[in-house]
Every structure is written in structure tokens, then in C-alpha cells.
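Position one of the sequence shown corresponds to residue 0 (numbering that gives the first Met the number 0), numbered consecutively onward. Where is the CB? At the ideal position from N, CA and C, for every residue including glycine. Quick caveat, the model's predicted, so the values are computed rather than measured.
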Amino acid sequence: MRFHTRKWIKPEDLNANGTLFGGRLLDWIDEEAALYSIVQLENQKVVTKYISEIDFKASAKQGDVIEIGIKAVKFGHASLTLSCEVRNMMTRETIITISNIIMVNIGKDGKPLAHGKTEVEFVKDRL
């Protein structure tokens, strides 16, 4: 799993219990999954189709720095299935895991579009 993004937990990210609001974390994960998919599929039109069970294992508090990790699990005809792990950067404690996030490549007409990809590519290898 590659950890691409770090977030610093600030007061506006907290819930009434003073810990990281789950909805804020899911927003960050969805954005990271979209960005990862856009780069992999080389198309800015990508949408979230499905997010499997979300397993909250720990929380984070103000001042913590977390890392969001995304990994490609499967390339479909017009989709890309990802997995996600978020961890506390300092303690390495896992905060959340998601086994499957399915992103769909979309054409100009708004319908699924075959992407022709079969494996992870790095931008440096495309140049």
C-alpha cells in the first residue's frame, strides 16, 4: 500500500467527542480514491460507484497527522477497484480500513467508458 496523502487534524475536523469526525475522513478518502483513479485511468471523469464495509479501528485527535493509503486491487472493463488504509503517521496505528472502493471511468456522455488498463502505471514510466 502506498501512502500518498497526509492530513493534519485541526479543530474543524473534530466531532462532538473531540475526535476526528468520520464523515470528514470519508470525504478525504473519496477524494484520494478519485485522484488516484484519475491518474491511473488518465481521465478526469471518474466517479465513485461503491464503497464496501468501513472498519473504524481507532480514532485521531486534534494535532495528529494521518496518512491515507490507496492500493489498486483490480482493473475492470470500465472500473478500478481500490483498497484503503488510513493510519496515524506517528504511531502507525490503523484508524480505518476499506476493502473495496469501486471507481468507474466515465465518457463524455456520462456513461461508463472502457479504459484499457490492466495494471498500475507510474507517471514517470509513461514519459
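- Distances from the alpha-carbon of residue 92 to those of 9, 67 and 106 put 67 closest.
- A direct Cα-Cα distance of roughly 15 Å separates residue 84 from residue 101.
- Counting along the chain, the unbroken beta strand (DSSP E) around residue 98 starts and ends at 93-104.
- Take the alpha-carbon of residue 31 and the one of residue 3: they are about 8 Å apart.
- When Cβ pairs closer than 8 Å are counted between the two stretches, the region 14-32 is seen to touch the region 55-72, the count reaching three or more.
- Exclusion of the five residues before and after residue 120 leaves 39 as the residues of its chain whose Cβ lies within less than 7 Å of its Cβ.
- Annotation: residue 113 to residue 77 spans about 4 Å, alpha carbon to alpha carbon.
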